Amino acid sequence: MTTEEKNNISKSSYNENNIQVLEGLEAVRKRPAMYIGDVSTRGLHHLVYEVVDNSIDEALAGYCDTIDVVIHEDNSITVTDNGRGIPTGMHEKENKSALEVVMTVLHAGGKFDKGSYKVSGGLHGVGVSCVNALSTQLTATIHREGKVFFQEYSIGKPIGGVKVIGESDKTGTIIHFKPDGSIFNETVYNFDVLSSRLRELAFLNKGITLTISDEREKDDNGNIRTKTYFSENGLIDFINYLDETREKLMTDPISIEGEKNGIPVEIAMQYNTSFSENLHSYVNNINTHEGGTHLAGFRRGLTRTLKTYAEKSGMTAKLKFDISGDDFREGLTAIISVKVAEPQFEGQTKTKLGNSEVMGSVDQMVSEHLAYYLEENPKEARTIVNKVILAATARHAARKARELVQRKNILSNTGLPGKLADCSEKDPALCEIYLVEGDSAGGTAKQGRDRKFQAILPLRGKILNVEKAMQHKIFENEEIRNMFTALGISIGTAEDSKALNLEKLRYHKIIIMTDADVDGSHIATLLLTFFYRYMKELIENGYVYIATPPLYLIKKGNKERYCWSEDERKQTVQEFSENGTEKGIHIQRYKGLGEMNADQLWNTTMDPQYRILRQATIDNGAEADRIFSMLMGDEVPPRREFIEQNAKYANIDA
Ligand code: 0RA
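Add 412 to the 1-based position in the sequence shown for the numbering used here, that's all there is to it.
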């Protein structure tokens, strides 16, 4: 169904009788993925965002400054705000209370809000009625006009009318809902995922206090896990947060804020000594992963303004080669946030802004404000231009190195790396490649694999830390070149990674297999960082996985069992114990892949029937970016703290 068709349904259901109204929400239950993306953990979390977005709208309208989210023990959710409260009076057209209309009619959310246009509103902007349709139970409690109003619903249908259940001197809306387990295949909420979205919302909407608490997690004193987010300076704070472990080139980020041709534009940017570009763009608080016209406008304005300034300053007069657009963004961290009344989202994941009018607005905003900033801050301006010259010089060297490598490859005419043990199957959709730590484990994997569809590429020791290396070093690195060649993707720049030629990709499962120890997980992180920076599309398309070798083999007599966690180990030991004694139980801790023979490795880690693969996903691009730069950067304390707090990858939810 197209957006237009969806709008038609909502329009007709809005104007016509009850039966059609119910049909609207039936459609949501029939095809939930159409409305909230999917019915996996992503869709589950989406329900919370949908409700919170309504409160954010109320805050953006100027009536609300506090939003609380609670995860309850049964994985139901409460969202509370101190806004005006959803109106409860009679809605004439529908002949029922406005509250009931908001809660039961598709897309009815902003219908009464005449003055301000609705800017927030979830990835799909479907409204709280969708959440209602997909919940076994939902209650709305409204503090308004001195009273407390209440209505309850089940799978989108009201159970009784709106009741007055008390008096109140406050205003606000409290929505409590329990996602329907017959719709969602995952019903357990992840604190970190919600928490990081609320943090993002706090940065994107300064002045709002957002709190999340998790009643499932209590400390020894019975205190529940809670986090509160508030940002006074918005995007400037966001940039400082993202660049916490990077070495900054300016004392304060550049901040651009205003409205152009009726489009509110907010930008903050900072240069650092790293070599990567970290642009994050938002439309109506939604992360536009695939970019679009606002990002294009930013790039244009930035390039033109900096180029003009650099030429005028004479600093680039002696350069013997051209400066490319990319050079202006090396080591740049920037957030672009725009508000668009009727956004058109395009692209594979509907996260690319299509509205052409936005390009000019952002371009003009950047040009005007940045030109002014450069004139007013000559010291910072010189620093930026010097960074751009450095980037251009390095890129020039990198291109030479790359050309040399590619020429060598053509001359040697091998095609695939010598260390690759390829599979016989040719259909990429059926092929897997294991990237294995070390030649010895690589050898075992070669023996253990199913050579029909599993290829093995052993990697020697630690691969290059791409966070800290200049590009030409990356292209000269043999392990990295082998990976590109084996995957069938030509070596490109970080910029190219946004347009990888996935048709040439030779395997649709790329499986990182490292030892189950600290070094192993460091190598896995290095590889994930590499994919994140240079082949992000592979992660976005769900092609990247982490293998999980077992931690223990427990034997007693002829019984044996592999265990993947401490809990499993304890449970197995208990099970194998006889008369309360652990005598005769043998526990082997697998520290490395090398301790397993080929059969064991196949049985536990490579056989599709039994292995556990963890798929690498990016939930929150900005947060992933910060975490990678922290994990791979120079500062030890934040890294140690992160590793201590997170057993594995938090938002890079591998
Ligand atoms: C429509 C009109 C008015 C408030 C809201 C909607 C509203 C919706 C939500 C959803 C979550 N929290 C909310 N808070 C407010 C205001 C009508 C008026 O008082 O004039």
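Every residue, glycine too, gets a C-beta built ideally from N, C-alpha and C.
Bear in mind that the values here come from a model prediction, so they are computed numbers and not experimental data.
If contacts are defined as beta-carbon pairs under 8 Å, then residue i and residue j qualify, I think. What distance do you get, rounded to the angstrom?
i	j	result
His-706	Val-774	5 Å
Phe-1040	Tyr-944	6 Å
Asp-477	Gly-619	6 Å
Leu-606	His-458	With 8 Å as the limit, Leu-606 and His-458 do not qualify as a contact, their Cβ atoms being about 11 Å apart.
Phe-710	Ile-651	Not quite, the Cβ-Cβ distance comes to about 14 Å (not below 8 Å), so this is no contact.
Ile-498	Ile-489	In fact, because the Cβ distance is near 17 Å, the residues do not count as touching under 8 Å.
Gly-449	His-692	That pair is no contact at about 20 Å.
Ile-966	Thr-984	5 Å
Val-1155	Gly-578	Here the chain has residues from 413 to 1066 only, and residue 1155 is not among them.
Leu-1068	Ser-667	Outside the modelled stretch of the chain, which goes from 413 to 1066, sits residue 1068, for which no answer is possible.
Arg-811	Asp-739	With a Cβ gap of about 12 Å, Arg-811 and Asp-739 do not count as contacting.
Pro-870	Asp-851	5 Å
Leu-472	Asn-617	7 Å
Val-481	Leu-610	7 Å
Which of the three DSSP states, helix, strand or coil, is assigned to residue i?
i	result
Ile-483	strand
Met-947	coil
Asn-684	strand
Ile-796	helix
Cys-975	strand
Glu-579	strand
Tyr-653	helix
Thr-638	strand
Asp-908	Confidence at Asp-908 is low in this model, with a pLDDT of 46, below 50, so the placement of that residue should be treated as unreliable; the coordinate-derived value is given next. Residue state, collapsed to three classes: helix.
Val-677	strand
Tyr-475	coil
Ser-1041	helix
Asp-493	strand
Leu-546	coil
His-808	helix
Tyr-384	Not covered by the structure: residue 384. The range shown for the chain is 413 to 1066.
Arg-918	coil
Ala-746	strand
Phe-603	helix
Leu-661	coil
Val-464	helix
Lys-523	Confidence at Lys-523 is low in this model, with a pLDDT of 38, below 50, so its placement is unreliable and no value can be given for it.
Leu-535	For Leu-535, the predicted model reports a pLDDT of 43, less than 50, meaning its position is unreliable and no value from the coordinates is stated.
Gly-553	Correcting the residue identity first, residue 553 is Thr in this sequence and not Gly. Strand at Thr-553.
Pro-1068	Outside the displayed range of the chain (413 to 1066) lies residue 1068, so it cannot be described from this structure.
Cα-Cα, which of the options is closest to residue i?
i	options	result
Glu-462	Leu-546, Thr-478, Ile-922	Leu-546
Ala-959	Leu-1005, Tyr-944, Gly-996	Leu-1005
Ala-936	Glu-952, Glu-669, Asn-877	Asn-877
Lys-864	Ser-836, Ser-749, Gln-883, Gly-850	Ser-836
Lys-569	Leu-731, Asp-581, Val-513, Ile-595	Val-513
Ser-566	Thr-583, Lys-885, Thr-516, Ala-614	Thr-516
Gly-704	Ile-801, Gln-760, Met-727, Ile-735	Gln-760
Pro-962	Ile-479, Ser-977, Gly-969, Asn-953	Ser-977
Asp-1019	Asp-979, Arg-861, Arg-794	Arg-861
Met-446	Cys-542, Leu-613, Leu-782	Cys-542
Assign residue i to buried or exposed, taking buried as 16 or more other Cβ atoms, counted over all protein chains shown, within 10 Å of its Cβ.
i	result
His-588	buried
Leu-847	buried
Tyr-784	exposed
Gln-1021	exposed
Lys-751	buried
Ser-509	buried
His-998	exposed
Asp-465	buried
Met-502	exposed
Gln-986	exposed
Could you please give the first and the last residue of the uninterrupted alpha helix (DSSP H) stretch that includes residue i?
i	result
Gln-983	978–988
Ala-708	705–725
Thr-516	510–516
Asn-894	890–899
His-781	769–788
Gln-760	Run containing Gln-760: none; DSSP gives neither H nor E here.
Tyr-447	444–448
Span of the beta strand (DSSP E) holding residue i?
i	result
Met-925	921–925
Phe-562	559–566
Glu-629	621–630
Ala-833	No beta strand (DSSP E) holds Ala-833; DSSP gives it neither H nor E.
Glu-669	666–672
Phe-865	It is not in any beta strand (DSSP E) - Phe-865 carries neither H nor E in the DSSP assignment.
Arg-1026	1025–1027
Taking 6 Å as the cut-off, is the beta-carbon of residue i closer than that to any non-hydrogen atom of the ligand HEM?
i	result
Asn-617	In the structure shown, the ligand HEM is absent; the only ligands present are the ligand 0RA.
Kindly say whether residue i, judged by its beta-carbon, lies nearer than 7 Å to any beta-carbon of chain B.
i	result
Glu-504	Included in the structure is just one protein chain, with no chain B present.
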